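If you read the sequence shown in UniProt numbering, its first letter stands for residue 1, the second for the next number, and so on. Backbone N, C-alpha and C fix where the C-beta goes; we use that ideal spot for every residue, glycine too. If you're wondering where the values come from, they're calculated on a predicted model, not measured in any experiment.
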Amino acid sequence: MGREVSESCIDSLLTEMVASYCNQFYSNTPELAARRIEAIGYQVGHQLSERYTMDRPRFTDHLEAIKFICKDFWSELFKKQIDNLKTNHRGTFVLQDNKFRWLSRISGDPSVDNGTQDPESKASQAMSMYLYFPCGIIRGALSNLGIPCAVSADISSLPAFSIDCGSSDLYHTDDNYLSWTGDDGLFQNSRSEVVQSSNISHVMSTLRVFTTRKKNCYSISEYKGSLLLVRASFFYGNYDRKSSPPSFDMHFDGNEWATVKTSLDELVYYEVVYVSKSDTTSICLSQTHPNQFPFISALEVKKLDSNMYSYLDPKHALFLNSRVAYGARATVRYPDDAYDRIWGPATVGSGITSVASDAIFIRTVDAPDNPPQAVLQNAFTISSTSNSIGIIRGFPDQKLPIYMNLYFSEVTQLDTTQKRSFRAYIDSKPVSGPIIPPYGEVTEMSINFTASSNTSFLLFADPDSTLPPLVNALEAFYISDRLTDGTDSKDVEGLSELQKAFSDVLQVFWSGDPCLPSPYTWEWTTCSNDTIPRITALDLSSFNLTGELPDFSSMDALVTINLQNNSITGPIPDFLGALPNLKELNLADNSFSGPIPPSISSNKNLKLVVSGNPDLCVSSKSCQTTSTGGTTTSSSVPSGGRRKSSKLPVILGTTIPIFVIFWALVGFLLHHKRRTAAIVAVTTGQTGGANNMTGKIGGAVINEIKVNFQDQTTTENVNQPETTALKMQPGG
């Protein structure tokens with residue numbers, strides 16, 4: 001069989017094994033599932049290490065063994081070397097892999113506990129289960145080299161998440177070895193449905209439909225400043241047996257995205273690429289027509305490398321028009337594209353010829369947007385230098401700003417008599433210099449222009465070219481209007497306090513930006529028309545609120561507050577009287593107690609309603625209470641006691657935790673005299689946005705592997721306590 005490790009074999013072993021052991025043991029004995037997965041990894045690593053070192057002399061020291069793991073062993077197993085090796089020269093080694101592919105499959109989790117980061121979330125469970133196998137492989141390999149060790153994983157972030165909407169699965173793996181998690185329990189005002197079509201993938205077989213509220217949102221935390229690719233997929237599949245696919249609006253972070261037009265029997269998906277401005281990212285659906293209820297089949301959020309799509313002004317977003325692999329026989333996506341971008345094949349038109357590259361390897365590292373090799377292995381060309389290749393992408397009638405990437409790679413090694421040189425023309429005007437595709441490499445052309453259905457984009461051969469133009473792949477996007485900055489952060493902070501105080505009511509149904517887009521404000525808020533909206537009114541009457549009012553004094557643009565007919569208890573907070581713009585305050589029919597703060601009772605510009613609060617003191621005499629010291633006490637709440645959150649969750653409500661940290665034990669007891677121990681801690685994470693949608697959507701991650709070598713002598717005194725070395729380190 002040779003010494004090559006089959007990637008598909010290892011991938012299959014990993015995914016099938018994790019799923020099998022989790023299904024058998026996880027619910028009752030997760031530690032048993034972990035031990036069995038790690039043990040299998042140990043056996044794999046031990047045997048692979050034995051095979052790869054059969055013809056090698058024995059390693060003279062630990063450093064040589066670690067170098068072998070970093071280079072030869074890692075290359076055989078993961079088809080790449082470790083990116084960086086560090087040591088503190090005291091027995092600790094740090095191995096860094098910036099594109100650890102296995103983690104790209106792990107999905108984030110829509111936690112049922114809104115707004116929290118549950119360490120036992122589905123995402124954490126899935127991630128930890130997937131990492132026991134490679135940890136076991138490393139431990140087994142080092143053990144075979146005579147280095148006993150313990151291996152653990154420290155996870156700083158998930159590279160991406162993929163939600164199988166309407167599914168109740170903890171997680172499952174699709175045919176591309178990508179993992180998905182269901183959203184069961186995330187929403188209380190929705191229902192899960194199953195499509196009628198049978199010839200459809202597992203992910204598309206279910207959907208979630210929303211029948212109430214102006215908008216319903218999935219919210220994802222911890223992506224601020226990241227370049228994201230968000231993909232929303234919709235497969236109607238006649239789930240309601242009405243043969244009437246609906247249309248509805250979709251937005252992200254308070255910005256309009258698209259009017260979703262679903263099909264009776266075809267999958268429809270939309271993509272947006274943008275830099276997230278907020279601590280939380282939201283993707284929302286809104287009903288626009290009677291009885292046409294919004295639904296969604298799948299939602300994916302993936303981090304891209306921060307240097308990708310660098311021509312994109314972060315004040316704008318890119319909406320996908322098309323992504324094409326010319327000459328490809330099938331769709332190209334993960335694992336061929338580490339970011340799981342979807343490259344569709346193109347139809348061969350009249351006069352067009354599809355050609356295959358004879359290059360064994362195509363180097364793409366210098367292309368800023370990292371096209372996969374698979375889309376460069378074929379190309380479209382024409383038969384004559386006198387003809388042109390037309391890039392026609394079906395733009396709409398009205399003119400729109402377009403961002404386009406074109407990728408060119410020579411398909412054969414040219415001799416000295418051959419030359420392929422051409423230029424790009426828009427409406428007969430040149431928009432590029434000479435394009436000379438390199439063999440075994442790629443040239444990328446990025447261009448912004450305005451286009452409509454009448455725009456022509458052509459590739460013409462230069463006069464001295466002996467060969468006609470060719471093109472391998474294309475990405476075309478619409479450029480959005482300027483992105484909003486969202487609702488004012490002071491109002492967001494105040495709403496966050498209200499949602500936390502009354503989480504059983506307010507966090508269940510409302511998420512996304514409270515004011516934007518303007519037609520889809522929350523039902524209980526009124527917003528100004530400012531560029532950065534302010535909340536001017538709260539109407540929470542008859543919301544069944546129970547408990548005391550939190551401090552939302554940061555909402556200083558409020559003009560009206562209506563809290564009538566709830567079960568709110570405790571004193572009336574003093575800060576309400578200090579809100580500078582407040583004109584109406586309705587606290588009727590609650591259970592407030594104590595005196596009315598002077599800041600409210602003496603405010604002549606405030607219309608106050610407090611009837612229906614039997615325990616409320618409405619006069620100063622009735623509120624005087626003599627304490628043991630003979631002093632008069634007041635139940636008013638000082639406004640200066642407010643605690644400001646250091647983190648403003650700009651999009652509130654249901655939150656999907658993305659960043660998870662696993663703490664690794666990096667030391668253990670030695671029970672034998674002069675025994676050498678190796679402790680390996682594997683830290684996974686994304687650096688520089690690698691796989692930033694998954695860092696590179698699909699690929700990224702192990703960040704650090706630590707190996708400690710210690711020589712310790714244990715005492716013969718059985719009464720002396722043993723010592724352990726414990727090191728806690730967050731992920732990189």
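Same chain, Cβ closer than 8 Å to residue i, neighbours up to 5 away in sequence not counted
| i | result |
| --- | --- |
| aspartate 464 | Lys419 and Ser421 |
| methionine 17 | Ile37, Ile40 and Phe133 |
| phenylalanine 361 | Gln373 and Gly440 |
| leucine 264 | Tyr236, Asn238, Ser243 and Pro245 |
| aspartate 556 | Lys490, Leu579, Pro580 and Asn581 |
| alanine 141 | Gly45, His46, Leu48, Ser49, Ile69 and Phe73 |
| leucine 606 | Gly577, Leu582, Lys583, Glu584, Leu585 and Ile600 |
DSSP bridge partner residues for residue i (one or two, in chain order)
| i | result |
| --- | --- |
| methionine 445 | Leu406 |
| serine 518 | Answer is none; serine 518 lacks a bridge partner. |
| aspartate 164 | Gly182 and Ala298 |
| proline 463 | None, per the DSSP bridge assignment. |
| aspartate 539 | Asn562 |
| arginine 323 | Glu475 |
| asparagine 378 | Ala356 |
Spatial neighbours of residue i in its chain, beta-carbon cut-off 6 Å, leaving aside the 5 residues before and after
| i | result |
| --- | --- |
| asparagine 590 | Asn566, Ile568 and Asn613 |
| asparagine 562 | Asp539, Ser541 and Asn586 |
| glycine 167 | Strictly speaking, residue 167 in this sequence is serine, with glycine absent from that position. So the qualifying residues of the chain are Gly182 and Thr206. |
| asparagine 403 | The amino acid occupying residue 403 in the given sequence is tyrosine; asparagine does not appear at that position. Answer for tyrosine 403: Leu318, Asn448, Phe477 and Ile479, listed in chain order. |
| aspartate 169 | Gly182 |
| arginine 482 | Lys315 |
| alanine 451 | Phe395 and Ile402 |
| alanine 19 | none |
| leucine 474 | Val324 and Leu406 |
| leucine 14 | Phe133 |
| threonine 385 | Ala461, Ser465 and Pro468 |
| leucine 558 | Leu579 and Leu582 |
| cysteine 527 | Cys515, Thr521, Pro533 and Ile535 |
| glutamine 413 | Tyr439 |
| alanine 258 | Met250 and Tyr270 |
| alanine 588 | Gln564, Val609, Ser611 and Gly612 |
Per-residue burial, residue i [other beta carbons within 10 Å of its own, 16 or more giving buried]
| i | result |
| --- | --- |
| alanine 476 | buried |
| isoleucine 392 | exposed |
| glutamate 193 | buried |
| serine 553 | buried |
| asparagine 321 | buried |
| glycine 351 | exposed |
| lysine 215 | buried |
| arginine 534 | buried |
| alanine 379 | buried |
| glutamine 377 | buried |
| arginine 231 | buried |
Reference residue i, options the options, closest by Cα
| i | options | result |
| --- | --- | --- |
| serine 306 | Val275, Arg333, Phe319 and Val324 | Val275 |
| threonine 443 | Thr417, Arg363, Asn387 and Ser357 | Arg363 |
| leucine 616 | Ser601, Asn603 and Pro595 | Pro595 |
| isoleucine 283 | Met308, Asp337, Lys261 and Leu228 | Leu228 |
| aspartate 427 | Ser388, Glu410, Asp462 and Thr417 | Ser388 |
| leucine 145 | Ala160, Val209, Pro57 and Ser383 | Pro57 |
| methionine 54 | Asp61, Tyr42, Phe73 and Asn529 | Phe73 |
| asparagine 176 | Ala34, Phe59, Asp336 and Ile137 | Asp336 |
| histidine 62 | Pro430, Ser143, Asp249 and Arg341 | Ser143 |
| arginine 423 | Leu414, Phe457, Ala501 and Ala258 | Phe457 |
| alanine 65 | Ser409, Ile82 and Ile147 | Ile147 |
| valine 203 | Ser233, Gly185, Arg213 and Thr212 | Ser233 |
| alanine 537 | Ser198, Asp249 and Glu584 | Glu584 |
| asparagine 199 | Asp366, Leu267 and Phe210 | Leu267 |
7 Å CB neighbourhood of residue i in its chain, flanking five on each side removed
| i | result |
| --- | --- |
| leucine 498 | Leu506, Pro550 and Phe552 |
| asparagine 603 | Gly577 |
| aspartate 397 | Ser452 and Ser453 |
Min CB distance residue i to chain B below 7 Å
| i | result |
| --- | --- |
| serine 528 | Reference to chain B is not applicable here, since this structure consists of a single protein chain. |
>> Using 8 Å as the cut-off, can you tell me whether the segment 312-325 makes contact with the segment 285-297, which would need three or more C-beta pairs spanning the two stretches below that distance?
In response: no
> Touching or not, the segment 326-342 and the segment 286-293, by the rule of three or more beta carbon pairs under 8 Å?
Replying inline: no
> Is the segment 243-254 touching the segment 478-491 in the sense that three or more CB pairs, one from each, lie closer than 8 Å?
Replying inline: yes
> Does the segment 67-78 come close enough to the segment 47-58 that 3 or more CB-CB pairs lie under 8 Å?
Replying inline: yes
> Do the segment 428-438 and the segment 340-348 touch if we need at least three Cβ pairs shorter than 8 Å?
Replying inline: no
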